[in-house]
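In the working numbering, the protein residues as written are 13 to 462.
Structure follows, in structure tokens:
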């Protein structure tokens, strides 16, 4: 994701040789972004959507309630129910305090697989340090939605990312629940501590695998050996804001690169995904190399990378046929930068096809979900955020009826003319207008006697 330079950084960039280099780098970055925008718009085809609701305050995630309502998290720290008619409800009571600054706040949200029976849900958020308001970390909580859908009950914070840091960036915070009920949670390296993403003895820049109670799930790479925390599943991540488990049980995620190098990754237990040792991105403004290059032994390569960055957020894997066979089995990833929805068809860890679907400039797609109806839903991130439904293709028009005109010599009651050597037409009964009066042709009268 494109992080904007501070005003102080820009002032420094205007002075001295290093400043000239920074200014040139920033100009190159902006020109590159503009060129990428034009390229994105030219190549993308329009995305047809229906607005379900509007007036949401920086919505971050949406979940689908069994009664047809929607549960939406808003980054400033509120949960709201949106009914099936698009009416936005009041904030739910019971949400814990969040550190709503920078990229932090109330972030991802998922319903438990057994929500219809237990009404349980999970959400992650930027949690302020109870001992120091200037520090924060990503936390995971569980709760139950009240029967009246107006409050959270039995709220418990079941996991805290450690260590807590003084940073308002790179919280990660996407949740994916597997078939056995365990949870994968993506965690950013908080920007100021990027080198810590190469350590497995803390949570910075990792994906953790947890039980619904927040303990380390069994079977992790460090569950039975030394060298890392038992909940760490993979590491070397920067700021992962998309995660999904495909029908074959595999975990996929995407993460923001710096200036370029956004990545789609197929996550395997014990995998080191390289940040900041290897990356396809560059240092902001300067455009200089980060780390040791783009590849290194023992570090995983992305399945796909975007340079320039698209600033990805939200991800769904389409399992329905509501959009036809071409879209079935595709990943759908939102772009915060270009207002595009990216469809990727992947086979054997190779991207076979990428399609860009344009929602519109300035439309920051924050979340992408498949609903119970098999359709895709999007959230746009703004002070007047919207919940959108991606329209399925229009059915083909009904074919026009085909009228077959037979040759006259095949029509019942009509025979060829005597000139063709055929018999004369038979006598005709009935009126031309369909009446029943007998109109049998009489023979001509006999000639009078001389």
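Cβ atoms here follow ideal geometry from the backbone N, Cα and C, with glycine treated the same way.
Candidates the options, of which the one nearest residue i by Cα
i           : options            : result
residue 154 : 108, 198, 230      : 108
residue 185 : 161, 233, 101, 73  : 73
residue 265 : 411, 208, 256      : 256
residue 67  : 80, 59, 93, 199    : 93
residue 151 : 145, 143, 170, 133 : 170
residue 56  : 263, 217, 352      : 352
residue 138 : 200, 103, 158      : 200
residue 244 : 71, 330, 174       : 174
residue 168 : 157, 58, 178, 336  : 157
residue 136 : 246, 188, 258, 297 : 188
residue 195 : 176, 222, 127      : 222
residue 69  : 396, 400, 375      : 396
residue 85  : 130, 258, 122      : 122
residue 400 : 317, 366, 391, 406 : 391
residue 379 : 367, 347, 211, 60  : 347
residue 192 : 363, 373, 229      : 229
residue 215 : 237, 190, 242      : 242
residue 307 : 286, 301, 294      : 286
Beta-carbon spacing of residue i, residue j below 8 Å
i           : j           : result
residue 149 : residue 172 : yes
residue 250 : residue 354 : no
residue 315 : residue 369 : no
residue 371 : residue 344 : no
residue 205 : residue 113 : no
residue 100 : residue 65  : yes
residue 248 : residue 209 : yes
residue 132 : residue 120 : no
residue 321 : residue 382 : no
residue 290 : residue 305 : yes
residue 177 : residue 147 : yes
residue 226 : residue 234 : no
residue 246 : residue 213 : no
residue 91  : residue 78  : no
residue 232 : residue 288 : no
residue 357 : residue 323 : no
residue 329 : residue 416 : no
residue 283 : residue 262 : no
residue 296 : residue 317 : no
residue 409 : residue 335 : no
residue 59  : residue 402 : yes
Three-state class that DSSP yields for residue i in the structure shown
i           : result
residue 113 : coil
residue 128 : helix
residue 275 : strand
residue 162 : coil
residue 361 : coil
residue 338 : coil
residue 243 : coil
residue 262 : coil
residue 225 : coil
residue 406 : coil
residue 412 : coil
residue 449 : Unreliable positioning characterises residue 449 in this predicted model, as indicated by a pLDDT of 35, which lies under 50. A coordinate reading is not provided.
Assumed close pair residue i, residue j - CB separation to whole angstroms, cut-off 8 Å
i           : j           : result
residue 111 : residue 162 : Not quite, the Cβ-Cβ distance comes to about 25 Å (not below 8 Å), so this is no contact.
residue 326 : residue 377 : 6 Å
residue 274 : residue 268 : 6 Å
residue 386 : residue 342 : So it is not a contact: roughly 13 Å between Cβ atoms.
residue 252 : residue 198 : 4 Å
residue 373 : residue 63  : Rounded, the Cβ-Cβ distance is 17 Å, inconsistent with contact.
residue 361 : residue 71  : Not a contact, Cβ separation roughly 32 Å.
Contact test: residue i Cβ vs the ligand ADP heavy atom, cutoff 7 Å
i           : result
residue 235 : In the structure shown, the ligand ADP is absent, as is every other ligand, since no ligand is present at all.
Short CB-CB distance (under 8 Å) between residue i and chain C
i           : result
residue 269 : Protein chain content of the structure displayed is limited to a single chain, and chain C is not contained in it.
Ignoring anything shorter than 3 residues, give me the beta strand (DSSP E) runs that lie fully in the region 66–112, in order along the chain. 71–76, 82–86, 90–94
So within the region 167–211, which uninterrupted beta strand (DSSP E) runs reach at least 3 residues, ignoring any that extend past its ends? 184–189, 195–199
Considering only residues of the region 298–328, which uninterrupted beta strand (DSSP E) runs meet the minimum length of 3 residues and lie entirely inside it, listed in chain order? 316–318
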